[in-house]
Structures are given as C-alpha cells and as structure tokens.
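Asks:
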Amino acid sequence: MRLFHGTRRHPVEQPWGGPARHLVHGSVMCDTILMAKSTQKQTPHQRTRPRKFVPVTDQEPLILDAAAELFLKRGYEGVSIDALTAVVGGSKRDIYALFGDKETLFRRAVEKLAMERADLFLGIPVSDDLRTALRFVGARIISVLLSPRSLALHRLMTTAAARVPEAAETFLHNAPHRAYATAAHLLRQHAAKGDIIVPDPDMSARIFVGALVADLQLRALLGKPVDEAERQARVDAVVEHLLDGISASR
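Position 149, counted from 1, in the sequence shown is what the numbering used here calls 150; the numbers after and before it change by one each time, with no gaps.
1. With H, G and I counted as helix, E and B as strand and the rest as coil, what does DSSP make of residue 205?
2. Nearest to residue 208 by CA position, among 139, 74, 227 and 93, is which residue?
3. Are residue 147 and residue 214 touching if we call contact CB-CB under 9 Å?
4. On the premise that residue 171 lies in contact with residue 111, defined as a C-beta separation below 8 Å, what is that separation, rounded to the nearest angstrom?
5. Based on the DSSP secondary-structure assignment, which residues constitute the bridge partners of residue 197?
6. Let me check understanding here. Comparing Cα to Cα, which of 240, 160, 129 and 72 lies closest to residue 109?
7. Within 8 Å, do at least three Cβ pairs link the region 122-136 to the region 76-91?
8. Taking DSSP as the reference, what is the three-state secondary structure of residue 80?
9. Thinking C-beta only, is residue 243 closer than 9 Å to residue 212?
10. In or out: residue 247 buried (at least 16 other Cβ within 10 Å) or exposed?
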C-alpha cells in the first residue's frame, strides 16, 4: 500500500546532501505532476490541469494503520521511520511532523490496536440467567484474548513495554482491563438483584478472567493451538467454580 503516489524525486540538492522530496505547505506533490513538469511533453489538456496536492495531515489515519501492521509483524526494534516511508511513501519529515518521534508513533499504534481489541467486548449477548450470561462473557473473553491478532499484540508488548512504558499503560487500559470490566459489570448487576454475594466484584472478575485464559494464553503464545472444544469446556468449568463460590444460596 502506498499512500503517496510514486517514489521518484526531483533531483534538487539540499544543503545536507541528497535529493529533496517536494513539500508545499506541508503537502506532498503527486509524482505525476513532477514528471510532467520536468521531462514529459504536455498536451494542451495537461497544461491546463491544476496541480494536485495531498495534505499530509489527511494521511495520518492511513499512516497509523500501516505503522500498526509493521509493529505487529516486525516488533518495535524491527521498524524504522525509513521502513514506514518505504511502505506509505512521502518522507521522514512527514512522519516526524505528524507524530514527533518513533516512541509517540508506537504509542499511538498500540492505542489503536488495543482499542480494536477492546471494542470486541461490545455487543455480547445478554441473559437474565447468570450462568448463561457468564458463559456468553467467558466465551467472548477467550475468543478475543486468544485470537491471533491479540496474541501478536501481546508478544509485541512483552518485548517493547520497557522501552516505551507509556504504550504499556495504554495497552493495559484498553485491552485486558476491558475484559475485567465486562465481567465485573455483570457481577455487579446480579449482586444488586440479590442473585449472588460478591464483596469485591473487581477482584472476582480478575480471578474469573485469569482462570479462563491464563494457561491457554501461554500455550497459544508458544504456538500451541487451543481448539473450540477445549475452550468451551474451560468456560463451563470456570463458570461453575465461580457460581459455587458466590451463589446467594450457598
């Protein structure tokens, strides 16, 4: 995918050496215009066609998408601004103008990826029956946290968290915490109705999520598949254990 069309540069030398890329008021000039201006014979129609510019700021979401995919594939250390411009076109100056530095670009990319994961916890089927509702929530938690994309993001953060701690906080707030919050909200609802006794819904939710995915996630991170039958069996077992501990009738 190339966001800025073409890679040819007008051979104007800059004080620091090397050919310059053409920027006009923070915009990137389409390569077809450069070629027509410098080398090609123009038809009357071409000579009257207005120049086309693509504002760099309009490309920010697409640049961020490309950066997120590169970080997932190559890791933090494996991605450079040069590598990103090789994919999206434009210049390093464009990237720095939009994001400031690589760390900020990475944090923004992680935020985007984590929010995508968090949004997957929306729209979970509801049920007045707590056992059924917990099964719905448990199945969604396993599905999201064990998905290939979530696992790739998890691997990325384990290697880059120390280098960019702000990105680690962003990841925790938008991905794992959404799983905890979803389970805690369900427990609070049923505790308010008197169905269960839960002194600390947040802690119970963390225990619930941990029991669902802890060892399964580790296996998946190591490349060992977890089939659907095992996932469903895990959900059923964890739900029953939780209900045994919090039932109002115990």
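C-beta: ideal position from N, C-alpha, C; glycine also.
Replies: The relevant details are as follows:
1. Within the sequence shown, residue 205 is the residue found at index 204, counting from 1. It is helical.
2. Here residue 208 is taken as the residue at index 207 of the sequence shown, counted from 1. Among 139, 74, 227 and 93, the Cα nearest to that of residue 208 belongs to 139.
3. Position 146 of the sequence shown holds residue 147. Position 213 of the sequence shown holds residue 214. Contact: yes.
4. The residue labelled residue 111 in the question sits at position 110 within the sequence shown. The residue labelled residue 171 in the question sits at position 170 within the sequence shown. Between residue 171 and residue 111 the Cβ distance is about 5 Å, and since that is below 8 Å, they are a contact.
5. By one-based count along the sequence shown, residue 197 stands at place 196. For residue 197, which the question treats as bridged, DSSP gives the partners 248.
6. Residue 109 sits at position 108 when you count from the first residue of the sequence shown. Nearest option by C-alpha distance: 72.
7. no
8. Taking the sequence shown and counting its residues from 1, the one referred to as residue 80 is at position 79. Residue 80: coil per DSSP, three-state reduction.
9. Within the sequence shown, the letter at position 211 stands for residue 212. Within the sequence shown, the letter at position 242 stands for residue 243. It is a contact, given that the beta carbons lie within the stated cut-off.
10. The residue labelled residue 247 in the question sits at position 246 within the sequence shown. Buried, since its Cβ has 16 or more Cβ neighbours within 10 Å.
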